[in-house]
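In the working numbering, the protein residues as written are 3 to 535. Cβ coordinates follow ideal geometry from the N, Cα and C atoms, glycine included.
Shown next, in the form of structure tokens:
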């Protein structure tokens, strides 16, 4: 045989071992083998005899690039140049990319193979083209791997496990009739996204690309009635909304403001933060630029409760004043502290910096106590009104008074008063010297106020404070001579005035007190240490 031996005509056909008709007949399983028919010329005519043929599949029309082969067909009968062989390159050869067939030939069992040129481009056969229009039921083994499919009607796989509706652009998993672009149906539907190569993990993105969107996206929670009772949505105004029971309950805007129960006033600003270090605990922190500041506000006919559990009880940290019902003069401010144990303590603790703290507490005996850290109970008030103190210092006044009723119109501070024998229990203005009925001085003259007032309401009452002891300013005159510090004072002939004692025998029982300041002449105020004798 001469070197001019060549393949004059070759065609490649991929066929199914059965019929794939447009009538919906089922497709049959196929392998990877295909039939090759060719014409081998020798000289001026077709070759006759027995030949060995060798086939190699390439990914290029020349040069290297072997994809499969060589595949050798030995002792092939050639009659008038025509021959037919079946080639099987295996899986993964025809993936959609272009392929070329290279052929070599030799006389049966003799000599080396002669490579023919050029390589033949492998094209699709009619049944391979028709396979994109398969209709009816196709067994899984009948679908070639790596293929690309175009659907014009609904494709349902494995009794409703997966349904594809290209007409309405829907995919159903677990349902043969998807009602949404992606419809999952199962006894318990679970969607899982695994991220294996990205540190940001799996992402579900909801996007709205319309010109004037209301929602950018939403997750709805539906029931059998289809009323959508729950929803988490994100508005185009950068506000996230939360709905329960068919109504909006909460909004979170892009500045971190949280509005709850549908009240969206600019005054109500809630910001829930977490602080990781002391002295800030985990809790609720709020900031506001409004004139009303920030608040935790609640209203109830049965009262409002704030409850917390920790090893140190309920604690608060405030940079400003804490006020109860400050803005409402008609309300009834109350701070109620209660310990359910009869042997416990209800207390209000106050402390500045690291200084010793103060407790105002109600003890087991139901007494009100003022407790100083390091000193114990310094003040105790019993339920019967008895007050126990360790030391009492009064800085608002200098005399001890009792309120008395007067027989005359209101008297001026500093006036000397005596017992009114005509009106038992009442006092009147003094008008005689050395009067043994002297009772004291009206307190308040010279800017010296009472330091302690003794009274019993409903039994012994009065409207003017009379100094019975202590220091008080008294109206005095010098009818008995100039007054010097240390002089004893008594009543004067001038109504309501005091004078110095010159007749000590007569003054017994009529002494008002001892002068602490002097008066040279006339009338004026004298500081007296009241000590009735």
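* To do: Could you check if residue 274 is buried or exposed, using at least 16 other CB atoms within 10 Å of its CB as the buried criterion?
  => Interpretation of residue 274 is limited by its pLDDT of 49, a score under 50 that renders its predicted location unreliable; the figure taken from the coordinates is listed afterwards. That one is exposed.
* Comparing alpha-carbon positions, which option in 101, 112, 116 and 107 lies nearest residue 123? -> Among 101, 112, 116 and 107, the Cα nearest to that of residue 123 is on 101.
* Alpha carbon to alpha carbon, how far is residue 526 from residue 388? -> Computed Cα separation, rounded: 41 Å.
* Asked: residue 223: buried (16+ other C-beta within 10 angstroms of its C-beta) or exposed?
  -> Answer is exposed; the Cβ neighbour count stays below 16.
* Measuring CB to CB, does residue 411 end up less than 8 Å from residue 457? -> Residue 411 is not a Cβ neighbour of residue 457, given a cutoff of 8 Å.
* With a threshold of 16 other CB atoms inside 10 Å of the CB of residue 371, please say whether the residue is buried or exposed. => By the Cβ-count criterion, residue 371 is buried, with 16 or more other Cβ atoms from all chains shown falling within 10 Å of its own Cβ.
* Asked: Using 8 Å as the threshold, is the segment 447–454 in touch with the segment 503–511, meaning 3 or more CB pairs across them?
  -> The segment 447–454 vs the segment 503–511: no contact.
* To do: Kindly identify the DSSP beta-bridge partner or partners of residue 51.
  => In the DSSP output, where bridge partners are listed per residue, residue 51 has 80.
* **residue 374 - DSSP class collapsed to helix/strand/coil** => Residue 374: strand per DSSP, three-state reduction.
* Proximal residues to residue 481 (C-beta, below 7 Å), its chain only, five neighbours per side dropped -> The beta carbon of residue 481 lies closer than 7 Å to those of 494, 495, 496 and 501 in the same chain, with the five residues before and after it left out.
* Asked: Taking C-beta to C-beta, are residue 251 and residue 259 nearer than 8 Å?
  -> The answer is no: Cβ separation not under 8 Å.
* Within the 8 Å Cβ cut-off, does residue 230 reach chain B? -> Among the protein chains of the structure shown there is no chain B, as only one such chain exists.
* Asked: In whole angstroms, what is the alpha-carbon distance linking residue 436 and residue 392?
  -> Rounded to the nearest angstrom, the two C-alpha atoms are 41 Å apart.
* **Beta-bridge partners of residue 502, as assigned by DSSP** => DSSP, once it has assigned bridges, lists 491 as partnering residue 502.
* residue 35 - partner residues in DSSP beta bridges -> Residue pairing for residue 35: DSSP places it in no beta bridge.
* Asked: Among 218, 343 and 85, which one has its Cα closest to the Cα of residue 366?
  -> For residue 366, the nearest C-alpha among the options comes from 343.
* Can you grab the Cα-Cα spacing for the pair residue 276 / residue 256, in whole Å? => The predicted model places residue 276 with a pLDDT of 42, which falls under 50 and marks its position as unreliable, so this point remains unresolved.
* Asked: Does the ligand ADP have a heavy atom nearer than 7 Å to the CB of residue 198?
  -> Although the ligand ADP was asked about, the structure shown includes no ligands whatsoever.
* Contact set for residue 352: own chain, Cβ-Cβ below 7 Å, skip 5 residues either direction -> Excluding residues within five positions, the ones whose Cβ falls inside 7 Å are 359 and 360.
* Compare the C-alpha of residue 239 against each of 166, 214, 201 and 119 and name the closest. => Scanning 166, 214, 201 and 119 for the CA closest to the CA of residue 239 turns up 214.
* **Bridge partners - residue 102, DSSP secondary structure assignment** => 60 and 123, per the DSSP bridge assignment.
* Residue closest to residue 206, alpha-carbon to alpha-carbon, out of 169, 220 and 107 -> If you compare the alpha carbons of 169, 220 and 107 with that of residue 206, the shortest gap goes to 220.
* Sufficient close CB pairs (3 or more, under 8 Å) joining the segment 102–113 to the segment 81–88 -> Segments in contact, no.
* **Reduced DSSP category for residue 349 - H, G, I as helix; E, B as strand; rest coil** => Strand.
* Asked: Counting along the chain, where does the beta strand (DSSP E) carrying residue 114 start and finish?
  -> Here residue 114 belongs to no beta strand (DSSP E), and DSSP marks it neither H nor E.
* Cutoff 6 Å; reference residue 434; Cβ partners in own chain excluding five residues on either side -> Closer than 6 Å at Cβ, skipping near neighbours: no residue.
* Asked: Under the DSSP definition of a beta bridge, which residues are partnered with residue 508?
  -> The bridge partners DSSP lists for residue 508 come to none.
* Do residue 408 and residue 383 have their CB atoms nearer than 8 Å? -> Not in contact: residue 408 and residue 383 (Cβ atoms no closer than 8 Å).
* To do: Could you please give me the residues that DSSP links to residue 408 through a beta bridge?
  => Per DSSP, 429.
* Asked: What number of angstroms, rounded off, separates the C-alpha of residue 373 from the C-alpha of residue 363?
  -> Separation of residue 373 and residue 363 (C-alpha to C-alpha, rounded to the nearest whole angstrom) is 7 Å.
* Check whether the Cβ atoms of residue 516 and residue 472 lie closer than 8 Å to each other. => With a cutoff of 8 Å on beta-carbon distance, residue 516 and residue 472 are scored as not near each other.
* Quick one: measure Cβ to Cβ for residue 477 and residue 417, integer angstroms, because I've assumed they're closer than 8 Å. => Rounded to whole angstroms, the Cβ separation of residue 477 and residue 417 is 6 Å, and the two are in contact under 8 Å.
* Assuming residue 61 contacts residue 99 under a Cβ cut-off of 8 Å, what Cβ separation, rounded to an integer in Å, is found between them? -> Residue 61 to residue 99, Cβ: 6 Å. Contact.
* When you compare each of 40, 513, 529 and 55 to residue 108 by their alpha carbons, which one comes out closest? -> Of the candidates 40, 513, 529 and 55, the one whose C-alpha sits nearest the C-alpha of residue 108 is 55.
* How big is the Cα-Cα spacing for residue 380 and residue 470? -> Near 28 Å, if we compare the C-alpha coordinates of residue 470 and residue 380.
* If you check the beta carbons only, do residue 413 and residue 444 fall under 8 Å apart? -> Inclusion of residue 413 and residue 444 in the CB contact set at 8 Å is warranted, their separation being smaller than that value.
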